[in-house]
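2 protein chains.
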Amino acid sequence: MKNKHHDFLTKQPLSQQVTDFLLIRIDRGDYTAHDKLPSVRTLAQQLGVHRLTVFKSYQQLVHNGKIYAKDRSGYYVMPCIQEELKDSNLLHNLASVSDKSYDGTRSIQQLLSPPILAGINFKPPVVSSPLRTNMLSELQAHHVDYQFSKALIDPALLPNAYMSEYVKKVFDLYPKLLGTYSTVQGDEELRVTLAEYFKKRHQFFLLPEDILITSGAQQAIDLIARLMIKPGDTIIMERPTYSGAIDIFRQQGAHIISIPMLPDGYDMDELESIIRNYKPRMMYVTPTFHNPTGYVLPASKRKRLVELAEEYHFLITEDDTTYDMYFEEEPPLPIYGYDTEGVVMYIRSFSKYIAPGLRIAAVLCSPWLMKDLLTLKSLADGGSPLLGQKIFMHYFTSSRMQTHMEKLRIALSLRKEAMERCLAKTNWEWTPPKGGLDLWVQLPEGVSSVELLRRSLALSVSFVPGPFCEPDAVHHSSSIRLSYCYTSERQIEEGMQRLIDAYDSLIHTI
Amino acid sequence: MKNKHHDFLTKQPLSQQVTDFLLIRIDRGDYTAHDKLPSVRTLAQQLGVHRLTVFKSYQQLVHNGKIYAKDRSGYYVMPCIQEELKDSNLLHNLASVSDKSYDGTRSIQQLLSPPILAGINFKPPVVSSPLRTNMLSELQAHHVDYQFSKALIDPALLPNAYMSEYVKKVFDLYPKLLGTYSTVQGDEELRVTLAEYFKKRHQFFLLPEDILITSGAQQAIDLIARLMIKPGDTIIMERPTYSGAIDIFRQQGAHIISIPMLPDGYDMDELESIIRNYKPRMMYVTPTFHNPTGYVLPASKRKRLVELAEEYHFLITEDDTTYDMYFEEEPPLPIYGYDTEGVVMYIRSFSKYIAPGLRIAAVLCSPWLMKDLLTLKSLADGGSPLLGQKIFMHYFTSSRMQTHMEKLRIALSLRKEAMERCLAKTNWEWTPPKGGLDLWVQLPEGVSSVELLRRSLALSVSFVPGPFCEPDAVHHSSSIRLSYCYTSERQIEEGMQRLIDAYDSLIHTI
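Order-wise, the sequence lines are chains S and V. Residues in the first sequence are numbered from 1 upward in steps of one, following full-length UniProt numbering. Residues in the second sequence are numbered from 1 upward in steps of one, following full-length UniProt numbering.
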């Protein structure tokens, strides 16, 4: 596994070559002010040189004032070197990428970064199958001042202080809580509580053993995909859809077919024709305040969807993470409620609106699927941590919970309206959703959402470009997802103005 | 997906047939006193009848005093009906299974339960691949008074009260803790802490980005298996080995080859010959207080193993969950410490000895593997819950931690000695380990460990039979794993006496 061929490095002493290699990357902006450089170990491995060589090179750069060392955590880029870069570093360094070159398999890094220096032979990864990077998660990791790419609730809207006090009571109730594992299926007391909740709320008659607790909806989707999908299996997804689910099903080797999600749901005849042609194993849907559009699948189509699943023998995975985020009236019954044959696997996420750090979701499904799902869950992590389940349960059943949810709905609808007021100044189009966390906005035809992202990141504004939400091909490249839940109304106004500025600058260059 | 053919049910009114079906199962002991019966929904689905039919049948059984309803959580078996069963239900109901019929793919339920009533056509699961039930987890779910099957620390030995107090301080420090997601890789502050710990303890020079936090070692193994193993890939495992890892690698479709783990490690020439013949993609090892034998791979063989991995281009997954459980001197440096080429993926579990409920483990690996591992982790759950990571970190760096570990080592060695005193009364054989949580005991040749389990479960004693730990074929069927960490010294004495009684009764029937 050694790799000592670095042709471009053969003229000078090795440590000088490494120094030059680092200087090029810093000057080019791969590493900007206060960025951490690779560890000595890492870089030595990447370049196939001795660690002492890298160490010597870092010492030289420290001596020259190009980088600085911070106690034990590594080496960082000195800010002064960055002042030479006039433009925002991200803007400056983004490679020229057009929507046309987007093929659905490139990572955000590939989209946004310059190509790697020719001549450097990195060790090839030896993974079992080509991995598709979780693009959304990479995008969200970019720090920006105006964060419209995260469909997460602003921590300022959460009952943090109250919850912190609450936790202490939970520990008084369960003094051995941290010494105990949860069962694989999840804490029984929590599952009893949720069974009662589902009965009261939706008239779902469940036993605690019909419920699996997972570490967030993400894990639920992943477990279901691992359970049901083998490479080459066909899955139908809405278009657009949740980026994280696309990543999971692709990783599992699914063959993805899509059906457009319209303001009143899909064309059911078109859907049936797709089903007949492709014989899917599963359909993945977010029918209530659909991610990313916010649309709602009407009750009649929910019922019909279940009939289709029964008739054509496929399963429905209903991902219901935003059910409780309605602004006006309650949404229709979940698709799961129409199911009498056990064709629906229902994912309901709860902690997102209370304490996202807890990562609590529930899966409801028929017993014969539950049995195998439990096996996978036991292999995957042996059961979610008990602590979070107990904390969640006690808050979930408190009267305070209801009040919190009502306040949260009002706060979110105000933010949505603030964002819509800004959008009203543009010629962009959107269908106002009646709940959820996002607006799905169509830019005028021909405008590249990826190019707009590049420009808006430079102005410290982030959003999700349409292609991230495309399950199978390049559609909606002129659409963008704007989440209004993570930023204050004032931030929304400021950030939207910047986004509009970025758009104007883009239009003027076209 | 409907299934209405129940030939044996065609003579009587449907609800009476369902009632009979239930009575047979209760009388046979499938359901014993206070056992919960299937939900109306579940049973209706299984039998392909209307829910109201099942409901009527349950009402009839309640009326006849055979079962009782408990508020909203379902129907339960009335104790009186069980008094007709003289023997312990588990003993009574265990099917006759010999080791010979054990083929490595049957679940504990299949091993221990009577065959399902002929004539009932359950719906077939529609999973993507045949799932192997996590046998160990099923066995451990059996409630017994003397629990020697769990390699978990007795909660009574954990600093629960102190931790509970500690948690409150953690919340004072991070008031928005529950409103925040961890990064995918794990809390940065915790990774900085661990990097410093590894440097101080083992002279591993790491950056925080070389460390991934997972929800327990189980998740770490699962992620690594998903990353590295595609169906048909060869993996070498020790024989015997950790049952949970066998399940994961089998589920991933690995072709497993084994090498015997001896008190002084493997025969390195035999290993090299296996490697040459089978060209493995990975070797999975628990070299320090090996699970289940407690043996330690000597330093010289650790070094040689890394050389072999480099020479023959395979990766080593080093699962180091019991490193800190030494009774005398510290064990040799982890294999990871000998690796300069990035061939070792190192899993270190921490929370097990402090607060198992937190589920904290760390993976160390080379940057090019870390990148893909992070992608998988982001797909799998988006990052482990932050709360547990912060609680763990603060305790881990406290002075109290060191004292706790020292006390724990003493307590465990006393329990080990208590168990060994009991074993000394038998003609069973074992090599006293110098650390870990288990004894690996050879019964006299020809004695079936599965048959012994069946008899000992009837006496409320549980342990792990040898075949559970067999990665590839039937070996060690006369060996058993006895964990001494979960029960008090007194319980060990009582439970071991019962185990010996079960053994005596088995010997007398042979």
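Ideal Cβ positions, reconstructed from N, Cα and C, are used throughout, including at glycine. Keep in mind the model is a prediction, meaning the values are calculated, not measured.
Whose CA, out of the options, lies closest to the CA of residue i?
i, options, result
"S/A225", "S/I316, S/A411, S/P356 and S/R302", "S/I316"
"S/T375", "V/M370, V/V167, V/D222 and V/T397", "V/D222"
"V/T42", "V/A418, V/E318, V/G265 and V/T53", "V/T53"
"V/D438", "V/L152, V/R454 and V/L23", "V/L152"
"S/I246", "S/V285, S/K36 and S/S57", "S/V285"
"V/I211", "V/S477, V/G186 and V/P433", "V/G186"
"V/F171", "S/M370, S/I500, S/Q491 and S/G357", "S/G357"
"V/P175", "V/T19, V/F468 and V/L386", "V/L386"
"V/H63", "V/K36, V/T19, V/I26 and V/D320", "V/T19"
"V/G382", "S/D472, S/M261, S/A220 and S/D324", "S/A220"
"V/L443", "V/R454, V/K407, V/I480 and V/R415", "V/I480"
"V/S399", "V/S478, V/Y162 and V/A418", "V/Y162"
"V/P331", "V/G436, V/Q252 and V/Q497", "V/G436"
"residue 538 of chain V", "V/L227, V/D35, V/Y58 and V/C469", "For residue 538 of chain V there is no data in the structure shown, the boundaries of chain V being 1 and 510."
"S/I507", "S/M496, S/A309 and S/V447", "S/V447"
"V/V363", "V/L157, V/I391, V/P334 and V/T403", "V/P334"
"S/R454", "S/P471, S/C485, S/C422 and S/L499", "S/L499"
"S/M393", "S/N160, S/Y181 and S/R191", "S/R191"
"S/P159", "S/A299, S/E209 and S/A355", "S/A355"
Go ahead and pull the three-state DSSP assignment for residue i.
i, result
"V/T426", "coil"
"V/K86", "Residue placement at V/K86 cannot be trusted, given a pLDDT of 30 that sits under 50; the coordinates are not used to answer."
"S/I492", "helix"
"V/D264", "coil"
"V/M282", "strand"
"S/G388", "helix"
"V/S456", "helix"
"V/A254", "coil"
"V/I480", "strand"
"V/A69", "strand"
"V/S101", "Bear in mind that the predicted position of V/S101 carries a pLDDT of just 32, short of 50, making it unreliable; the figure below should be weighed with that in mind. In the structure shown, V/S101 sits in a helix (DSSP, three-state: H, G or I)."
"S/I275", "helix"
"S/S149", "coil"
"V/R498", "helix"
"S/V18", "helix"
"S/G48", "coil"
"V/S40", "Here the sequence assigns Val to residue 40 of chain V, which means Ser is not the residue at that position. Reduced to three states, the DSSP call for V/V40 is helix."
"S/P467", "helix"
"V/V450", "helix"
"S/S505", "helix"
Along the chain, where does the alpha helix (DSSP H) containing residue i start, and where does it finish?
i, result
"residue 511 of chain V", "Outside the modelled stretch of chain V, which goes from 1 to 510, sits residue 511 of chain V, for which no answer is possible."
"S/L439", "Looking at the DSSP string, S/L439 is not in any alpha helix (DSSP H); the run it does join, the beta strand (DSSP E), is D438 to Q442."
"residue 525 of chain S", "Nothing about residue 525 of chain S can be reported from this structure: the residues present for chain S run from 1 to 510 only."
"S/L157", "Segment: none, S/L157 is in no alpha helix (DSSP H) and carries neither H nor E."
"S/S137", "M135 to A141"
At the 8 Å Cβ level, is residue i part of the contact set with chain A, yes or no?
i, result
"S/I248", "The chain labelled as chain A is not found among the protein chains of the depicted structure, namely S and V."
I need the boundaries of the beta strand (DSSP E) containing residue i, first residue and last residue.
i, result
"V/L61", "Note, V/L61: premise wrong, no beta strand (DSSP E); alpha helix (DSSP H) at R51 to H63."
Item to complete: Can you check the segment 163-247 of chain S for any alpha helix (DSSP H) of at least 4 residues that lies completely inside it and give the ranges in chain order?
Response: Uninterrupted alpha helix (DSSP H) stretches at least 4 residues long and entirely within the segment 163-247 of chain S occur at 188-202 and 216-228, given in chain order.
Fill in: Contiguous beta strand (DSSP E) assignments of at least 3 residues, all confined to the segment 331-368 of chain V
344-349 and 361-364
Practice prompt. Enumerate, from N- to C-terminal direction, the unbroken beta strand (DSSP E) stretches of 3 or more residues contained entirely within the segment 289-335 of chain V.
Written response: 315-320
Practice prompt. For the segment 260-273 of chain S and the segment 227-242 of chain S, state whether three or more C-beta atom pairs, one from each stretch, are separated by less than 8 Å.
Written response: yes
Discussion item. Closer than 8 Å is the cut-off here; do at least three beta carbon pairs connect the segment 340-352 of chain S with the segment 299-317 of chain S?
Written reply: Counting Cβ pairs under 8 Å, three or more are found: they touch.
Discussion item. Taking 8 Å as the cut-off, does the segment 295-313 of chain V touch the segment 263-279 of chain V (at least 3 CB pairs, one atom from each stretch)?
Written reply: yes
Worksheet item: When the Cβ atoms of the segment 479-496 of chain S are set against those of the segment 402-421 of chain S, are three or more pairs found closer than 8 Å?
Response: yes
Worksheet item: Is the segment 137-155 of chain S touching the segment 492-507 of chain S, taking contact as three or more C-beta pairs under 8 Å?
Response: yes
Worksheet item: Does the count of Cβ pairs from the segment 227-236 of chain V and the segment 187-201 of chain V closer than 8 Å reach three?
Response: no
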